C-alpha cells in the first residue's frame, strides 16, 4: 500500500491513513501555495528568531511581534494568550473594495472567550469602531462600520475545532462574503453593504493577528502561520489550493491526535469522542462489552476478582477514507462494600444545618450506587423526606438529629447530623417593592442592579448603591442578565438567579443559543442586602444551547420550587448544535437551589417561546410568556392560566393544558416590541402590574390591570423608573426590608 503525502498541519511528522493501518510514519512539509497575485501582505511566521513578522509579498508591510510569543519554526508563531499578537501596519485595507484574508491557526484547547483570531479596524474608548474580524467562537467573520450592532456576518453556526491546524479563509467582493475552512466553503452572506476600504475612511490603526479590536476581549492562545491579505477575492479553486485537506489526511490527523488519556487504572465511564477536530467521524468497538462498552460505559470487575484488560478500537471515517487506532484499557476491580458505604456517608451533606428555614433535600441515593434511608429525631419538625415544620414566631429553635443509613448490598453504615430549625419570622405587611435588573448589552450593563420604591408607590423608584451594580459575576461568562428574586414561602429567605450570558463580551445571539451557558447563577440572602457566594449550577442538559431568563415559583403541592427557563434543545446526534431548533420553556424542581431535578420540557407550542413569569391568585396560576413566533397570533407577550403549575404543554397537546387568556398584550397597550415580563400585585389595591421591556424603545415600562382573570392591560401613567432597567424582577417587601435597602444600599 503506497504512502499518501500529507501536509504537516500538526508537526513535521504525521501519520497517513495508510501508514496508520500499517503502524508506519510519513514525513510531510507545510504547503507553500504559489498564489501571490494581489497580495497586500504575507507573513510566513516560520522564521526561527526575531520580533519582526517579515512581509514576504515584497510590499514591505512588516509586522511587529510582541507579548508572550515564541517562534516554533515550521510550526509557526506560538501565542501565549496573555498579550501576544502581531501588529500590522496602519491602513492595510485602504482603497480595497474586495479582500481575502487567510491564515493557518491552531487554537489552544483552553482558549478563553471572547476572542479574535485576527481583526483589522479601529478602536474607540476600548470598543471596536469599524472593523473586519474572524473568531472561532461560533466560527464567523464579520465586517462592521461601527460597533458590534453594525456587524454583517458570515457564520458557520458552530465553533472552530481546537487543538488542530485549520486553514481559515474569508473573501468579500461585490457584496458577497464567503467563509472557508480547510479550503471548503462553510458559510456565505450576500447583500453585504460595507467594503473593507470604507472602514475608517481607509484609516485603520488597530490591525492585529491574535488580538481583538475590543480591548476587553481575550488574546488568541495557540499557533499561527501563513497569514495573508489580498486585494481581491480568491476563487473557490484558489482557496482550495491554500488549505484543502483530503479525507485520507483528515483520518490520519484525527487518529494521530486521538487520546483517551491515562487508561491504565480506569474506575469510571470513559468519554469516547464521536468526531475529530479535522472532521472525521469515530465509531468504537470493544473486546469486552460487559466491561467497557462501545459507548464508554465501564463495569468494574467484582471486588476480589482482579483487574480486567480491554481493547478499544476507534475507526475514523471521512468520506471513503477510514483507518483504526487501538487503546488498551485496564479497569480496576471494584472496591469493597465497606469502602463504598464509608465514602458515600462521608460525602453526604445537610445544607444550612445550623439554621434551617424551609424544606431540605435529603438524598436517597449516594456515591457508588449506594442507597440512603433517613431517620428523624423529631418527625414533627423534620420528616424523613425533608419536609420542615418550623417553630412558631417567638419560640425557641428546634434542635434534633438526622440519621442517614447508607447501604450497599448487605453492608450498612450510619451517619448523624445535628441540625437546628429556626422559628418562623414575624408576619409583616408589605409596604414597598424591590426591583432587581440589568441595564444593557455591554460589560458594564451585564451586572445586577437594584432599586427601591418610594413606599407603596409601585411607579416611583430610587436607584440603590449610587446606580452601581450590587452583584457581579466571577463565574461562567462573567455576564449577568435577567435577574429573578424569589422570597421563600416562610418569608425570611431570598434566592436570586440569573442568566449566565455576556453579549457585551462579543458573543453573538446565534452563538449564545448554540454554544451558550447551560448554567444558572445563584445567590441567597436573608435581608436582600447581603448575598452569599455565587453558585454556578448546571441545570440544562448537554443537548441545550442556552439557559435564558430563569424564574421560579414555589409549588405547595410538591413542597419545592419550580424553576423554569428557555433553552434551545438540539438533537442527540448534533453535538455541535449546528442544526435548527427553537426555544422552549424547560423546568426543574429544587428545595435549596443547589440540587435540581432533571430538566424537562414545560412549554413547547411548536415554535419559539421565552421569558415566562408566573403569579398565583387563589387556586389559579397565571403565566406570561414572550411569544417569538406568533403561536398565539402576535410577536408579543401572551397570558395563559392553569390550576396546575406543572401542567406541561407539548406540540401534540390538544387542548393545551394552559389556556390562552390574552395575546398581543404590548401591542394592545400601545407599546413597541416587548419582552422580559415581570408581574406582581399591588400592596394596597386590587391592581396588578406587568413591567415589560420595550427593547427597541423605552426599556422597561409598566402596564397595569385591575384583574388577572379578565385582563385589560394598559400603560400606566406618571411613572419614574430607574435609568435603563432591563429584564428583571419586582418583589413586594416589608417596611423593615424597604428601610434596610434605602439605608444600607441607598
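Residue numbers (the working numbering): 1051 to 1796. The beta-carbon is built from N, C-alpha and C at its ideal position, and this holds for glycine as well. All values derive from a computational prediction rather than experimental measurement.
Beta-carbon proximity check, residue i vs residue j, cutoff 7 angstroms
| i | j | result |
| --- | --- | --- |
| residue 1467 | residue 1452 | yes |
| residue 1493 | residue 1533 | no |
| residue 1206 | residue 1189 | yes |
| residue 1602 | residue 1587 | no |
| residue 1162 | residue 1268 | yes |
| residue 1564 | residue 1594 | no |
| residue 1556 | residue 1281 | no |
| residue 1605 | residue 1695 | yes |
| residue 1358 | residue 1150 | no |
| residue 1168 | residue 1184 | yes |
| residue 1530 | residue 1496 | yes |
First through last residue of the alpha helix (DSSP H) which encompasses residue i
| i | result |
| --- | --- |
| residue 1525 | Residue 1525 -> no alpha helix (DSSP H), and no H or E assigned at all. |
| residue 1559 | 1559-1564 |
| residue 1171 | Taken as a continuous stretch (DSSP letters only), residue 1171 belongs to no alpha helix (DSSP H), being part of the beta strand (DSSP E) at 1168-1174. |
| residue 1290 | 1286-1293 |
| residue 1392 | 1387-1397 |
| residue 1715 | 1715-1718 |
Beta-bridge pairing of residue i - partner residues as DSSP gives them
| i | result |
| --- | --- |
| residue 1615 | 1636 |
| residue 1277 | 1093 |
| residue 1764 | 1754 |
| residue 1178 | 1173 |
| residue 1426 | 1452 |
| residue 1019 | What is shown of the chain runs 1051 to 1796, which leaves residue 1019 out entirely. |
| residue 1507 | 1504 |
| residue 1597 | None, per the DSSP bridge assignment. |
| residue 1368 | 1371 |
| residue 1782 | 1483 |
Contacting residues, own chain, Cβ-Cβ under 7 angstroms from residue i (five flanking each side not counted)
| i | result |
| --- | --- |
| residue 1669 | 1693 |
| residue 1717 | 1684, 1686 |
| residue 1761 | 1689, 1711, 1712, 1755 |
| residue 1472 | 1405, 1406, 1407, 1440, 1447 |
| residue 1147 | 1245, 1247 |
| residue 1418 | 1390, 1393, 1394, 1458 |
| residue 1342 | 1320, 1336, 1348, 1360, 1362, 1379, 1381 |
Residues near residue i by beta carbon distance below 6 angstroms, same chain, minus five either side
| i | result |
| --- | --- |
| residue 1461 | 1387, 1388, 1391 |
| residue 1083 | Confidence is the limiting factor: at residue 1083 the pLDDT is only 47, short of 50, which leaves the residue's position unreliable, though a coordinate-based value still follows. Answer for residue 1083: 1291, 1292, listed in chain order. |
| residue 1547 | 1534, 1570, 1572, 1600 |
| residue 1131 | 1269, 1271 |
| residue 1073 | Caution is warranted here: a pLDDT of 39 is assigned to residue 1073, below 50, making its placement in the model unreliable, and the coordinate value is therefore given only provisionally. Once the five neighbours on either side are set aside, residue 1073 has no close Cβ partner at all. |
| residue 1504 | 1510 |
| residue 1102 | 1112 |
| residue 1363 | 1335, 1374, 1376 |
Of the residues the options, the one placed nearest residue i, counting alpha carbons only
| i | options | result |
| --- | --- | --- |
| residue 1570 | 1527, 1119, 1577, 1755 | 1527 |
| residue 1777 | 1500, 1629, 1578, 1538 | 1500 |
| residue 1751 | 1758, 1757, 1743 | 1743 |
| residue 1741 | 1759, 1784, 1536, 1674 | 1674 |
| residue 1402 | 1268, 1436, 1713 | 1436 |
| residue 1775 | 1747, 1328, 1278 | 1747 |
| residue 1796 | 1558, 1325, 1554, 1512 | 1512 |
| residue 1344 | 1350, 1356, 1320, 1329 | 1320 |
| residue 1143 | 1252, 1665, 1383 | 1252 |
| residue 1787 | 1485, 1730, 1356, 1591 | 1485 |
| residue 1153 | 1127, 1147, 1160 | 1127 |
| residue 1424 | 1356, 1395, 1261 | 1395 |
| residue 1728 | 1159, 1536, 1414 | 1536 |
| residue 1661 | 1646, 1633, 1651, 1638 | 1633 |
| residue 1097 | 1264, 1109, 1105 | 1105 |
| residue 1521 | 1578, 1479, 1664, 1091 | 1578 |
Enclosing beta strand (DSSP E) for residue i [first to last residue]
| i | result |
| --- | --- |
| residue 1154 | 1149-1157 |
| residue 1305 | Counting along the chain, residue 1305 falls outside any beta strand (DSSP E), though it belongs to the alpha helix (DSSP H) covering 1297-1307. |
| residue 1786 | Counting along the chain, residue 1786 falls outside any beta strand (DSSP E), though it belongs to the alpha helix (DSSP H) covering 1785-1795. |
| residue 1653 | 1650-1653 |
| residue 1129 | 1127-1130 |
| residue 1725 | 1725-1731 |
| residue 1112 | Taken as a continuous stretch (DSSP letters only), residue 1112 belongs to no beta strand (DSSP E), as it is neither H nor E. |
| residue 1493 | Counting along the chain, residue 1493 falls outside any beta strand (DSSP E), and DSSP gives it neither H nor E. |
Any chain B beta carbon closer than 7 angstroms to residue i
| i | result |
| --- | --- |
| residue 1735 | No chain B appears in the structure shown, which is made up of a single protein chain. |
Beta-carbon contacts of residue i that lie in its chain and below 8 angstroms, excluding the five residues immediately before and after
| i | result |
| --- | --- |
| residue 1685 | 1677, 1678, 1679, 1723 |
| residue 995 | The question about residue 995 has no answer here: the residues shown for the chain are numbered 1051 through 1796. |
| residue 1060 | The predicted model places residue 1060 with a pLDDT of 35, which falls under 50 and marks its position as unreliable, so this point remains unresolved. |
heavy atom of the ligand NAD below 6 angstroms from residue i C-beta
| i | result |
| --- | --- |
| residue 1727 | The ligand content of the structure shown is nil, which means the ligand NAD is not present either. |
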